[in-house]
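**Q**
Numbering (this note's numbering), first residue to last: 2 to 49.
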């Protein structure tokens, strides 16, 4: 199971507000990191 799916699964079952906020922050960070990596890979491919 990917980490993102694990986070989403935890979010769907979590009742504690602070934990939900932290899980959401983590998911946003991971998404932004993946987008940046994807953009970098695309830039490398198109620069060649």
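Every residue gets a Cβ at the ideal spot worked out from N, C-alpha and C, and that includes glycine.
Going straight from the alpha carbon of residue 43 to that of residue 31, what length do you get?
**A** The sequence position of residue 43 within the chain shown is 42, counting from 1. The sequence position of residue 31 within the chain shown is 30, counting from 1. Each residue's alpha carbon lies about 18 Å from the other.
**Q** Give the DSSP-derived three-state secondary structure of residue 26 in the structure shown.
**A** Locating residue 26 in the chain shown gives position 25, counting from the first residue. Looking at residue 26 - three-state DSSP - the assignment turns out to be helix.
**Q** Quick one: measure Cβ to Cβ for residue 11 and residue 24, integer angstroms, because I've assumed they're closer than 8 Å.
**A** On the chain shown, position 10 is the one that residue 11 refers to. On the chain shown, position 23 is the one that residue 24 refers to. With 8 Å as the limit, residue 11 and residue 24 qualify as a contact, their Cβ atoms being about 6 Å apart.
**Q** Are residue 27 and residue 8 close, meaning C-beta to C-beta below 9 Å?
**A** Translated into positions along the chain shown, residue 27 becomes position 26. Translated into positions along the chain shown, residue 8 becomes position 7. Against a cut-off of 9 Å, the Cβ pair of residue 8 and residue 27 comes out as a contact.
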